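Student: Heads up, this note's numbering is the position in the sequence shown plus 49, with the first residue counted as 1.
Beta carbons are placed, not taken as given, at the ideal position from N, Cα and C, and that holds for glycine.
Remember, predicted model here, so these are calculated numbers, not experimental data.
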Amino acid sequence: MLNRRLLPRRVARALALALCAAVSAIAQSAADHSVRVTLLQLNDVYQISPVDQGTHGGLARVAALRKKALAESPHTLLLLAGDTLSPSVASHTFKGRQMIAVWNAVGLDYAALGNHEFDFGSEALLDRMRESRFTWLGANVIDRRTGKPFGGTPPYVLREFDGAKIGFFGLVTPDTKRTSKPGPEVEFLDPLETAARLVPEMRARGAVVVVAITHLSMAQDKQLARTAAIDLIVGGHEHSVLQSLAGRTPIFKMGSDARNLGRIELHISAGGKLESIDWEAIPVTSSIPEEPQTAAVVAEYEGKLAKELDLPVGRTSVALDADQHANRSRETNLGDFVADAYRAAVGADAALVNGGSIRGNAAYGPGPLTKRDILTLLPFENPIVEVEVTGVVLRAALEHGVSALGEEREPGRFPQVSGLRFAYDGRRPAGSRVTAASVNGKPLEDSKTYTLALSAFLLAGGDGYKMFRGARILVSPEEGPVEFAVVLAALAAAGEIAPRVEGRIERADLAPP
Numbered sequence: 050m051l052n053r054r055l056l057p058r059r060v061a062r063a064l065a066l067a068l069c070a071a072v073s074a075i076a077q078s079a080a081d082h083s084v085r086v087t088l089l090q091l092n093d094v095y096q097i098s099p100v101d102q103g104t105h106g107g108l109a110r111v112a113a114l115r116k117k118a119l120a121e122s123p124h125t126l127l128l129l130a131g132d133t134l135s136p137s138v139a140s141h142t143f144k145g146r147q148m149i150a151v152w153n154a155v156g157l158d159y160a161a162l163g164n165h166e167f168d169f170g171s172e173a174l175l176d177r178m179r180e181s182r183f184t185w186l187g188a189n190v191i192d193r194r195t196g197k198p199f200g201g202t203p204p205y206v207l208r209e210f211d212g213a214k215i216g217f218f219g220l221v222t223p224d225t226k227r228t229s230k231p232g233p234e235v236e237f238l239d240p241l242e243t244a245a246r247l248v249p250e251m252r253a254r255g256a257v258v259v260v261a262i263t264h265l266s267m268a269q270d271k272q273l274a275r276t277a278a279i280d281l282i283v284g285g286h287e288h289s290v291l292q293s294l295a296g297r298t299p300i301f302k303m304g305s306d307a308r309n310l311g312r313i314e315l316h317i318s319a320g321g322k323l324e325s326i327d328w329e330a331i332p333v334t335s336s337i338p339e340e341p342q343t344a345a346v347v348a349e350y351e352g353k354l355a356k357e358l359d360l361p362v363g364r365t366s367v368a369l370d371a372d373q374h375a376n377r378s379r380e381t382n383l384g385d386f387v388a389d390a391y392r393a394a395v396g397a398d399a400a401l402v403n404g405g406s407i408r409g410n411a412a413y414g415p416g417p418l419t420k421r422d423i424l425t426l427l428p429f430e431n432p433i434v435e436v437e438v439t440g441v442v443l444r445a446a447l448e449h450g451v452s453a454l455g456e457e458r459e460p461g462r463f464p465q466v467s468g469l470r471f472a473y474d475g476r477r478p479a480g481s482r483v484t485a486a487s488v489n490g491k492p493l494e495d496s497k498t499y500t501l502a503l504s505a506f507l508l509a510g511g512d513g514y515k516m517f518r519g520a521r522i523l524v525s526p527e528e529g530p531v532e533f534a535v536v537l538a539a540l541a542a543a544g545e546i547a548p549r550v551e552g553r554i555e556r557a558d559l560a561p562p
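1) Can you give me the C-alpha to C-alpha distance between glutamate 166 and glycine 404, rounded to a whole angstrom?
2) Any idea which residues DSSP pairs asparagine 382 with across the strands?
3) In terms of residues, what are the limits of the beta strand (DSSP E) holding glycine 27?
4) If we call anything under 8 Å between Cβ atoms a contact, is arginine 553 one with glutamate 351?
5) Does asparagine 641 pass the burial test, meaning 16 or more other C-beta atoms within 10 Å, or should it be called exposed?
6) Are there 16 or more other CB atoms within 10 angstroms of the CB of leucine 64, so buried, or fewer, so exposed?
7) Figure out for me which residue from Arg193, Gly212 and Arg227 has the closest Cα to the Cα of glycine 529.
8) Please classify glutamate 527: is it buried, with 16 or more other beta-carbons within 10 angstroms of its beta-carbon, or exposed?
9) Going straight from the alpha carbon of proline 332 to that of lysine 117, what length do you get?
10) Comparing alpha-carbon positions, which option in Asp224, Ala400 and Leu291 lies nearest isoleucine 433?
11) Given that a residue counts as buried once 16 or more other Cβ atoms are within 10 Å of its Cβ, and exposed if not, what is proline 99?
12) Report all residues from its chain with a CB closer than 7 Å to the CB of leucine 247; omit the five preceding and five following residues, and keep chain order.
13) Locate the beta strand (DSSP E) running through isoleucine 423, then write down its first and last residues.
14) Grab the span of the beta strand (DSSP E) containing phenylalanine 506 for me, first residue to last.
15) State the DSSP-derived secondary structure class of threonine 195, mapped to helix, strand or coil.
16) What are the residues that DSSP puts in a beta bridge with proline 417?
17) At 3 residues or longer, and completely inside the segment 123 to 190: list those beta strand (DSSP E) runs for me, N to C.
18) Would you check if the segment 111 to 129 and the segment 347 to 362 touch, i.e. whether three or more CB-CB distances between them fall below 8 Å?
19) Here's a check: name, in chain order, each residue in its chain whose Cβ is nearer than 6 Å to the Cβ of threonine 184, leaving out the five neighbours to either side.
20) Once you ignore the five residues that flank alanine 161 on each side, which residues in its own chain have a CB closer than 6 Å to its CB?
21) Going by the beta-carbon positions, is the gap between asparagine 92 and glycine 284 smaller than 8 Å?
22) Can you tell me the Cα-Cα spacing of alanine 543 and glycine 450, whole angstroms?
23) DSSP three-state call for valine 451: helix, strand or coil?
24) Mind the definition here: the segment 408 to 423 touches the segment 487 to 496 only if three or more C-beta pairs lie below 8 Å; say whether that holds.
25) Does lysine 356 pass the burial test, meaning 16 or more other C-beta atoms within 10 Å, or should it be called exposed?
26) Alpha carbon to alpha carbon, how far is alanine 37 from serine 335?
27) Decide if alanine 120 is buried, meaning its Cβ has at least 16 other Cβ atoms within 10 Å, or exposed.
28) Between the C-alpha atoms of arginine 477 and arginine 312, what's the straight-line distance to the nearest angstrom?
29) Any idea what DSSP makes of histidine 288, helix, strand or coil?
30) Compute the beta-carbon to beta-carbon distance between arginine 193 and isoleucine 149, rounded to the nearest angstrom, for a pair I have assumed lies under 8 Å.
31) Between the alpha carbons of serine 406 and glutamine 373, how many angstroms are there, rounded?
32) Looking only at DSSP bridge pairs, what is tyrosine 350 linked to?
33) Please name the residue, chosen from Ile522, Ile191, Arg421 and Gly212, that lies closest to threonine 202 on a Cα-to-Cα basis.
34) Would you say glutamine 90 and serine 137 are within 8 Å of each other, going by their C-beta atoms?
35) What three-state label does DSSP hand phenylalanine 471 in the structure shown?
36) Are there three or more Cβ pairs, one per stretch, closer than 8 Å when the segment 315 to 322 is compared with the segment 251 to 258?
Set out below in structure tokens:
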């Protein structure tokens, strides 16, 4: 009979642990030859200081997070997926210089051109690009005068990390031609065709990973992923934290104004294969200490801005009625001026401004007006959008605007208008109070289509304006100028204004004020 010797349990356990340790050592040895690259991502950053009453954002905090990431992962790059030079109060004053100065301090590596980079014209953008210590990317943006990428930007860059090459290139929405001010000398090529041409070239030059830094819509990013062999899309333009997968290509986007910092970990094998991608959105909050050098640059520009805000930008020869109750219950001369500025900014048939967005609650002038005055009057940084609506929708909006009179003392929904005239009777039931309406002197037709300027707040259903949801958007919130900048520009262009109540809104059951 054959006798078997069984190992004591403690010996068997020791051998098992030794075997596991050996396997782990082999795996660790292979891992030691892999390459880890960390990409930090932001997009649509317009403010150098914290936002949301100081609770979120702030580029000095971002700089601190970048330093921390560099300490953990030496192969770290900071990427910006477009839109930073405009719009903001500071950018209106400094034409984006403050953003470049702070990004230089933060240590930005690559920035894709966004549509708002062209808000001050192509020459101003060229000046900002020359001031930058980081690399701008915009492969589909061409200078017609030279036939080469705008501003001398490279079509792409190749970065090598421990033998692994990564290709980066930038793309911006061609709608920039319509929504910003690039001028006739700038051409925007089709982003999909541009990618289809450049990606194989990067691969041929040894790129084992290709990253597109884009300022496109999510729908366009998904098309891009299906068009070219791109490993990762770092996107912007939407102002929301988004992630998606198009085929095998992940698409990551952050919200606006550095409220979150994206962190992407690329793991590349020794053989040059992208093994995995890890992603997280890190909240940028007041719990993060500011990096001192960046904070000093921020403080310098905030100090300059405080002085600039008190400089006159125009005059009014009449008192502007910013009374809260007036703007929420009847036509005012300030309401007319603001609505006119909205309409002119996007070239719409008409404009509608919710009276609750006009603040200040005082009379301004006669006399000089400063930037601080305009910011006090219009403190919300709402973009102006343009939509296409039918007469039915426009009539419903007017009905909604006067529906709360008598129920609320100061309804914020009350409409200040431009290009529109309407009459209503407050004695009639809500929903049937508008008795007459016209657009540019012609009766409002239910079946006709009109273009309307309004704020992104109203487009999203703010103040109960739900009828605009689903409207065809001609100028999106990401593309439109912010309201204070529109009114500031209108005032500066006029030099001196004298708006008056023109009788655009008539109320049958009350005598004129």
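Tutor: Working from what's here:
1) 31 Å
2) Answer by DSSP bridge pairing: none, since asparagine 382 is not bridged.
3) Only positions 50 to 562 of the chain appear in the structure, and residue 27 is not among them; the question remains open.
4) no
5) Shown here, the chain extends from 50 to 562; a query on residue 641 therefore has no answer.
6) Residue placement at leucine 64 cannot be trusted, given a pLDDT of 28 that sits under 50; what the coordinates show is reported in the next sentence. Exposed, since its Cβ has fewer than 16 Cβ neighbours within 10 Å.
7) Arg227
8) buried
9) 14 Å
10) Ala400
11) buried
12) Ala188, Pro204, Tyr205 and Phe218
13) Premise fails: isoleucine 423 lies in the alpha helix (DSSP H), 420 to 426, not in any beta strand (DSSP E).
14) Per DSSP, phenylalanine 506 belongs to no beta strand (DSSP E); it is in the alpha helix (DSSP H), 505 to 508.
15) DSSP places threonine 195 in coil when its eight states are reduced to three.
16) Arg364
17) As far as the segment 123 to 190 is concerned, its whole beta strand (DSSP E) runs of at least 3 residues are 125 to 129, 159 to 161 and 184 to 186.
18) Contact fails: fewer than three Cβ-Cβ distances are below 8 Å.
19) Tyr159
20) Ala130, Gly131, Leu186, Gly219, Ile262 and His264
21) yes
22) 30 Å
23) coil
24) No contact exists between the segment 408 to 423 and the segment 487 to 496.
25) exposed
26) As shown, the chain starts at 50 and ends at 562. That puts residue 37 outside it, with no answer to give.
27) exposed
28) 57 Å
29) coil
30) 25 Å between Cβ atoms; not a contact.
31) 10 Å
32) Note: tyrosine 350 sits in no beta bridge, so no partner.
33) Out of Ile522, Ile191, Arg421 and Gly212, Ile191 has the C-alpha closest to the C-alpha of threonine 202.
34) At a Cβ-Cβ threshold of 8 Å, glutamine 90 and serine 137 do not count as neighbours.
35) strand
36) yes
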